[in-house]
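Each position in the sequence shown, counted from 1, maps to that position plus 790 in this note's numbering. These notes concern the structure reproduced below.
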Amino acid sequence: MNPSQPSLLSAAKDGDASAAQLLLLENKINPNNLSSIGRTPLSWAAERGHEAVVEILLRDARTNPDTKDFYRTVAERTALETADADWEFNRKVDLDSEETNYRTPLSRAAENGHVEVVKLLLQDGRVNPDMHDSQGRTALSWAMGKGHQDVVRLFLGDGRADPNYQVSKGRTPLSLAAERGHEEAIKVMLEDSRVKPDIPDARARTALSWSAGEGHDGVVRLLLADGRSDISSQDRHGNYPLSWAVERNHKGVIEMLLDAGSDPDFHDTDRRTPLLWAMQNGEKEMVRRLLDEGKANPNCQDYKGLTPLSWAVDKGYDDMIRLFLTDTRVNMNLQDAEGQSPLSRAVKTENTDILRLLLAKDGIEINIQDQNGRSPLWLAADFGHEASLNTLLDQDGLDINLRDKKHGRTPLLRSVDKGHSRLRDRLLAVPGIDVESKDSNYGQTILSWAAWSGDNTNLDLFMSMQGIDVNSADNDGRTPLSWAATRGHRETVKKLLANPAVRPDLKDTKNGQSALSRASEKGKHEVVLHLLSERRIDPDSKDNNGRTPLSWAAGNGQQTVMEILLADPRVNPTSEDHEKKTPFAHASANGRERAVSHLLQDPRINPETKDIHGNTPLALASILGKESLVELLLADPRVDPNSRNNKGRPPLSLAVKYYSRRAIEVLLRDSRVDPNARDDKWYTPLILAAKYQMTKVVEILVEDDRVDLRLVQGGRSAILWASCMGDKETMNILERKQLERQSNDTG
């Protein structure tokens, strides 16, 4: 080819019919060759509307009018452009390329509205008008999407194109045009009886849904006049044409749909009606329009149970609230899913103007409670909304002592709990306020709460008030002093003890513990010191289980408190509880090694005292299995390592029974321990371990040569017990050890 002569591709692009004719006459040019970006000459000519070139190309029998173009990759295009800009590349294409779109010449011409080119292509019998591209779109789809009504008319007149063909997302040509507002193209389509205007797409949206959502009044008018579109059709999210129009505030469309009979109370999957949509979006005129129609339900509720009035309160729309309150159909006390009414929500938003609006309406329930029993006044106290609280307190019929259901607290208790001092003071000044009211969960008063939290400002205030019981007991019989002591609030304890009406030695009803007992249990040493300085307190007071403060301190390992109590001559360090356990026994049973060590240094302590079961501190430590504690006790010469309990079991047997392997090893290291001691049922430690299949314990025991393998219980040796239990592993250990000992004896 002459280098100065244009290529067929450039001739097609430029509309040079003469050059195209000459090139084709040479009979060397393939009219279907692709450009560097995957386009044929016919594709370029059709896209640019060059009728003459299109006609010339179609006359050539070699031209394939349905050849789809495709976009080559950047690498392919670069290779072509650097080699030869006019080189017409013809090779197998990559059908999976991300840039591939497979457009036909007819598709290109239809998209750009080239009527004559489309006509030429449709007249060619080889052209398939329903060929689709990678998006699934046909030529008619492209024409409708661009609103080329004359091109659309050609396709419909040709009769071969499917007017309802759905693209990859289920969109029909009519749906695409409806979304874009192409009235004339839609008018042409609706004249064809084959067209089905109500076909839903993949999202279940119809042409009417799309046009209503986009606010195309003219298209909506056409579709409604056609009469085949369902005004109540819902998409996947439950939206229907009217809800789409309301959501986007397309007033003209809304008017038409309502006039056409669309149900104003039809709701989506979130139960939102057009009225709720309008309210949420702040479309006040639309709200008025829907209410004026008289068909919309003003008490409709969304999935959260919120009504239009509730939304108006949340949004702060005073004028809308007035509008709703003048509508006699409105239930102003309707509660949402959490049980909150518009009045409750007004309190939460702290909008006193709206609060007054609602309170001025006859029939408003001022004491209405939500699901947790919280009244509007309770919510004001909870959130610390002083203005709302004052507004409510000015109303008649207000129950100032109404409790919530969850905790049984009054508004006063809640204000104290949340630390809202100004609201507390305002409530305390109201005649009839119950200062002794107790919550239902714990039975605590405002004074108890102040003591519990260490709020000394509130404490001083409440103790100075008449009618306050400073010894008020909660559901467990615990007084304010008991709580302050438990929590370690030293200054609070001092203030309470300074009040002569406070009875410092009162015990709770749950465990019978005093304030000193509670403080000792929790290790609050500063509080313990102060309580011991109060002569009205018995430092050896026993609870319902007979335990003293020292018993609790020792059992919980509260070293500092224990030392303080032992230094008080009034404290008996060997006091026994109802199970005859001493403080020393509790420390041993709970593994409190430091406490045990300290108590062993006290000459008043007897390390061999037995509890109600006959267990010594060593026995209790052996059951627990704390190795270092057992060693500590065995190191004391006063401790008998073979002391038996009420069932005749020494510490070693108890350690075996409770599988305390570390304790077993420590006990066996002590030469004083009898490893073959029998209990009341004649069980030795080894037989006990074999019977209960404690293989690891058996291994430990047989390593001690003092352990006698031949001893029997009920006529059964340890080996026989293992056999009876089917414990082959234990049997093997015992038989092997027996053979080993026999071998040593004969040797």
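The C-beta atom is built at its ideal place from N, Cα and C for all residues, glycine as well.
Residue burial classification, residue i (beta-carbon count within 10 angstroms, cutoff 16)
i: Met1255; result: exposed
i: Thr1406; result: buried
i: Cys1514; result: exposed
i: Ile1354; result: buried
i: Arg1462; result: exposed
i: Arg893; result: buried
i: Arg1018; result: exposed
i: Arg984; result: exposed
i: Lys1527; result: buried
i: Ala900; result: buried
i: Gln1161; result: exposed
i: Ala1385; result: buried
i: Thr1536; result: exposed
i: Ala992; result: exposed
i: Trp1168; result: buried
i: Trp877; result: Note that Trp877 scores 34 on pLDDT, short of 50, meaning its location in the model is unreliable and no value can be drawn from it.
i: Ala1219; result: exposed
Beta carbon proximity, residue i to chain C, threshold 7 angstroms
i: Arg1394; result: The chain labelled as chain C is not found in the depicted structure, where only one protein chain is given.
Collapsed DSSP secondary structure at residue i in the structure displayed
i: Leu1192; result: coil
i: Ser931; result: helix
i: Arg867; result: Because Arg867 carries a pLDDT of 46, less than 50, the predicted location of this residue cannot be relied on, and no value is offered for it.
i: Leu1296; result: coil
i: Arg893; result: coil
i: Arg1459; result: helix
i: Arg1506; result: strand
i: Leu1340; result: helix
i: Leu824; result: strand
i: Gln1528; result: helix
i: Asp1160; result: coil
i: Pro1407; result: helix
i: Asp1109; result: helix
Residue i and residue j closer than 7 angstroms at C-beta
i: Leu1442; j: Pro1475; result: yes
i: Asp1215; j: Ser1238; result: no
i: Gly1267; j: Thr1235; result: no
i: Arg1062; j: Asp1092; result: yes
i: Leu1213; j: Glu1155; result: no
i: Ala1275; j: Arg1308; result: yes
i: Met934; j: Ala975; result: yes
i: Arg950; j: Pro987; result: no
i: Pro855; j: Asp914; result: yes
i: Ala1343; j: His1376; result: no
i: Val1446; j: Leu1478; result: yes
i: Leu1032; j: Ser1052; result: yes
i: Pro1339; j: Leu1306; result: yes
i: Leu1145; j: Ser1178; result: yes
i: Asn1362; j: Asp1330; result: yes
i: Ser1165; j: Arg1135; result: no
i: Leu834; j: Lys803; result: Note that residue 834 is Trp in the sequence shown, not Leu. Yes. Within cutoff.
i: Ile827; j: Leu798; result: no
i: Gly1198; j: Asn1231; result: yes
i: Ile846; j: Ala809; result: no
Contacting residues, own chain, Cβ-Cβ under 6 angstroms from residue i (five flanking each side not counted)
i: Thr1200; result: Asn1191, Arg1193 and Ser1227
i: His1040; result: Gly1005
i: Leu1414; result: Gly1381
i: Glu1525; result: none
i: Gly971; result: His1006 and Val1009
i: Asn1087; result: Asp1055
Same chain, Cβ closer than 7 angstroms to residue i, neighbours up to 5 away in sequence not counted
i: Arg927; result: Val957
i: Thr1282; result: Ala1241, Gly1244, Asn1246, Leu1249 and Ala1274
i: Val1043; result: Ala1002, Gly1005, Asp1007, Val1010 and Ala1035
i: Glu1083; result: Leu1048 and Pro1054
i: Lys1094; result: Asp1126 and Ala1127
i: Leu964; result: Met934, Ile976, Met979, Val985, Pro987 and Ala997
Chain-order list of residues whose beta-carbon lies under 8 angstroms from that of residue i (same chain, five-residue window excluded)
i: Phe1173; result: Val1137, Lys1138 and Glu1140
i: Ala836; result: Val844, Pro895, Leu896, Arg898, Ala899, His904, Val907 and Leu911
i: Leu1457; result: Ser1412, Val1420, Leu1424, Pro1431, Pro1441, Leu1442, Ala1445 and Val1463
i: Asp1109; result: Lys1074
Distance cut-off 6 angstroms: residue i Cβ against heavy atoms of the ligand GDP
i: Gln1391; result: Absent from the structure shown: the ligand GDP. Ligands present: none.
Exercise for review: Answer yes if the stretch 905-913 comes into contact with the stretch 937-956, meaning at least three C-beta pairs across the two stretches below 8 angstroms, and no otherwise.
Suggested key: yes
Review point. Does the stretch 1137-1147 touch the stretch 1117-1127, meaning 3 or more C-beta pairs lie closer than 8 angstroms?
Key: Taking 8 angstroms as the limit for Cβ pairs, the verdict is that the stretch 1137-1147 does not touch the stretch 1117-1127.
Exercise for review: Count the CB pairs spanning the stretch 1359-1372 and the stretch 1329-1339 that are closer than 8 angstroms, and state whether there are at least three.
Suggested key: With three or more CB-CB distances shorter than 8 angstroms, the stretch 1359-1372 counts as touching the stretch 1329-1339.
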